[in-house]
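Following: one structure in C-alpha cells, then a few remarks.
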Amino acid sequence: MPAVRFEKRFLLLAISVLEMLLFSGIIYGWTSLVYILKQEGYFSDHCETTSANTTQQNTQVIKLVNCQVITNTSTQDAPCYPACLEQDETLTQVFAISVVASQVASLFAGIALDYFGLRFIRTCFSVMMATAALLLGFSTREYPYVYLVYPGMILVGMCANITLLANVTVGNLFGSRRSTVITIITGSFGSSPVTFLVQKMLYVHFGVPFQHMCFALACLSVPSLLATFTLFPKRKFLPNSHQEKRKDSQETEKLQKENKSGAGVESGTARPNEETFVQVVTSRLYLLHLAYMSVMNLNVIILVGTANIWFNMVTGNNNGHVSFWTDVFGFFQVSNVLVSPLCGFVYDLGLRGHAYRGPTMTSRRRAAVPVFIITSLTSSLVFFFATLSVWDTSSVESSTGLLMTSAPDMLLTFVLHVVSRAFIYGGNTAFIANSFPAKHLGRLIGMSYLVAGLLGLLQYPLIGWIKAAGSPFYVYIFVLVLSVVTFGHPIYISYHCRDVSGKDGRHPSQSSLGNPVNGHLKHEACDSKETCV
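What follows is the structure, given as C-alpha cells:
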C-alpha cells in the first residue's frame, strides 16, 4: 500500500491523543470521581446502617461531608450525607473491580486487534464508552439506581486498555521515532484522569450536575466512531522496517554459513524459524516482564485506590483540604502526557547507543534497561515517602527532618508518582513493541495487562488489611518491598542480552529462536489489508 502522508500521520496522532485523554485511563481519575460520588451520597446508606447498629463494638465514627456546594453565582445549601469507612470500602471496591475488568479485557482486545483488526476494536470501545457514560448518567444515590455505578465503571475500566490498543499502532507510522510516539500515546493514557478532574471542578465550582456531564461524555464518543470508518484502516498499522530487514538478512546469512560449515548440507538448507506466540509467552524474558509489570501496576492501583484515605489521614479528615489535595493530585496526573515523551526519549537514546552495529533484537531489548531502572527507583521512592506520611509525624520529623504531610513533601511524592507511572505504561508498551514480533503485538500487550489485572486482585486483601489496621501504613510498606524487588528485571535483561551478544544474536533459551532477528522482523511485511509507513 502507498505510504501514509505526513499530514495524515499527525492528524491520526492528534486524534489518538485526544481519544486517549477522553476515554482511556479515566478510571485512574477515581480520586476526583469518588469525591463527587460521596458528595452525591452514593452508598451513604451503609453509614446509616452502621450507626443504627449500636450493639456492635467496633462501630465506625461517622462524619458529615461538606454540605456546601460553591457555584459561580452563590453558595447553595446541599443535602448532608454521612460518610464512613464502610462507604469508603464499598467505593474502593467499585474501583478495584473496574481496574481488574480493565486488565482482563486487555487480552481479548489484543486478540481482537490481531485477528479482527483495528476498525473492530475501535467500534467496540466507542460503543462501550457511550454505554458506560449513560449508565453513570442514569445512576443516583437511591436504590437500586445506585448500583448502576458498578456496570458503568466496569465498562469504563474495560475501555481503558481497549482504547490504548486501538491507538498504539499509530506509533508505527513514525519510523525511528516510534518509541517516542508510542510513549506520547501511553502518556495520554496516564493523563486521561483529566476527564474526571474537569468534571469535579465543574461540579464543585460551577454547580454542573454530574448526570449532565456523563451524558456529554457519551456524546463525545460519536466523533470517535466517525473517525474509525473514515481515517483508520480496517486492519492495523505496521512498521515498514526495510533497513532492519536488510541488517537481519545479513546476520541470518552469516549464521547459515556457520551452520553449513559446521553441520554440512542439512544445516545449510535450514530456514530461520519464526517466533510463535507460544514461544514468546513461555520465554523467561517475557515471563519476568509479566511479573515486573504486574507489581508495577499493583503499585499504581494501590496508590490511586487509597488516595482518598491517604488524604484524609494526612489532613485530619478536613474535607476542604482533601478536596484541595485531590485537585492537586489530579493536575499532576494530567501532566503525565508531558512526562511520557521522556520515557520514549530515554528508550530511543538507549537504542541509538547500543545499535552501533545496526538495529537488532538484542540492542532493542538492552535499550529498555535504563527505563526499567528509573521506573523501579521512582516507584520505590513514592511508597517510601507515602509510608512516612502516614507514620507517626513527630517521629519521622525528628529522625529524618522531613515533614511528609507538608506541601513540598506531598508535591515531591506526586512528582515521583507521575514519573513512575509514565515510565511504567510507556516502558511496557515500548519494550513489547521493540522486543517481540509485531504480529503478536496486540496479544502480548493484552496478556501483560491481563496478568497484571489478575495480580491486581490482591487489592481486596490489602484493602481489608487497611480496614483492619485503620491505616495504609503496613500496606505501603508491603508495596515498597515489592517495588525494590523489581530491580531484578533490568538486571536480568542486561545479563540476558550479554549472553545473547556472545552468541551472535541467537536467543539463549529456545532452539526455535536460533536465528531470532530474521524471525522477528520477517513477519513485519504488510499484507494487503494492513497499512505501512
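Using numbering that gives the first Met the number 0, you'd call the opening residue of the sequence shown number 0 and step up by one each time. No residue lacks a Cβ here, since even glycine has one placed at the ideal position from N, Cα and C.
With the cut-off set at 7 angstroms, would you say residue i and residue j are in Cβ contact?
i	j	result
HIS488	PHE276	no
ILE25	SER191	yes
ILE161	SER97	no
VAL417	PHE331	yes
ILE300	GLY455	yes
LEU134	LEU117	no
LEU21	LEU219	yes
ALA306	THR30	yes
ILE476	THR386	yes
ALA165	ALA217	no
LEU163	LEU449	no
PHE214	GLY136	yes
THR377	GLY426	no
ASN335	ALA421	yes
SER447	LEU341	no
PRO460	VAL389	no
SER15	ILE120	no
SER282	VAL368	no
MET212	ILE423	no
CYS496	ARG365	yes
GLU18	SER223	yes
VAL534	PHE435	This structure cannot speak to residue 534, because the chain is shown only from 0 to 532.
PHE94	GLY315	no
PRO81	SER138	no
Does DSSP classify residue i as helix, strand or coil?
i	result
PRO208	coil
PRO232	coil
PRO150	helix
PRO143	coil
LEU17	helix
PRO471	coil
SER248	Residue confidence for SER248 is low, a pLDDT of 46 falling below 50, so the modelled location carries little weight and cannot support an answer.
ALA226	helix
ALA82	strand
ASN317	coil
SER378	helix
TRP390	coil
GLY24	coil
THR361	helix
TYR291	helix
VAL68	Its pLDDT being 43, under 50, VAL68 is placed unreliably in this model, and the coordinates cannot settle the point.
PHE413	helix
ARG351	helix
GLY441	helix
SER138	coil
ASP503	The predicted position of ASP503 is uncertain, since its pLDDT is 44 and thus under 50; no value can be drawn from it.
LEU477	Correcting the residue type first, residue 477 is Phe in the shown sequence and not Leu. Helix at PHE477.
ARG118	helix
TYR41	coil
GLU274	coil
ARG8	helix
SER334	coil
PRO536	Since the displayed the chain opens at 0 and closes at 532, residue 536 lies outside it and no answer follows.
THR530	Here the model assigns THR530 a pLDDT of 41, short of 50, so the residue's position is not dependable, and the following value carries that caveat. If DSSP states are grouped into helix, strand and coil, THR530 belongs with the strands.
SER533	Only positions 0 to 532 of the chain appear in the structure, and residue 533 is not among them; the question remains open.
PHE430	helix
SER282	coil
PRO436	coil
THR399	Here THR399 scores only 49 on pLDDT, less than 50, and its place in the model should not be relied on; the value that follows carries that caveat. Correct three-state label for THR399: helix.
For my contact list, residue i and residue j are in at a C-beta cut-off of 8 angstroms; report their separation, rounded to the angstrom.
i	j	result
ALA158	PHE188	Looking at the sequence shown, residue 158 is not Ala but Cys. Not a contact, Cβ separation roughly 11 angstroms.
LEU90	LEU36	6 angstroms
GLY343	THR182	3 angstroms
GLN86	CYS46	6 angstroms
PHE328	PHE413	6 angstroms
TYR34	THR325	6 angstroms
PHE209	GLU39	6 angstroms
ILE110	ILE308	Not really, about 37 angstroms apart at Cβ, beyond 8 angstroms.
Handout entry: Inter-stretch contact (C-beta, 8 angstroms, three-pair minimum) for the region 135-143 and the region 473-483
Key = Remark: fewer than three beta-carbon pairs, one from each stretch, lie closer than 8 angstroms, so the region 135-143 and the region 473-483 are not flagged as touching.
Exercise for the section: Assess, as a yes-or-no matter, whether the region 194-206 is touched by the region 339-352 under the definition of 3 or more beta carbon pairs within less than 8 angstroms. Expected result: Three or more Cβ pairs closer than 8 angstroms define a contact, and the region 339-352 falls short of that threshold against the region 194-206.
Exercise for the section: Check whether the region 165-177 touches the region 309-329, taking contact to mean three or more Cβ pairs, one atom from each stretch, closer than 8 angstroms. Expected result: Contact fails: fewer than three Cβ-Cβ distances are below 8 angstroms.
Practice task
Evaluate contact between the region 375-388 and the region 442-462, counting only Cβ atoms and requiring at least three cross-stretch pairs below 8 angstroms.
Solution key: In short, these stretches do not touch, since the Cβ pair count stays below three.
Practice task
Tell me, please, whether the region 90-110 touches the region 423-438 by the rule of three or more beta-carbon pairs shorter than 8 angstroms.
Solution key: They do not touch, by the three-pair rule.
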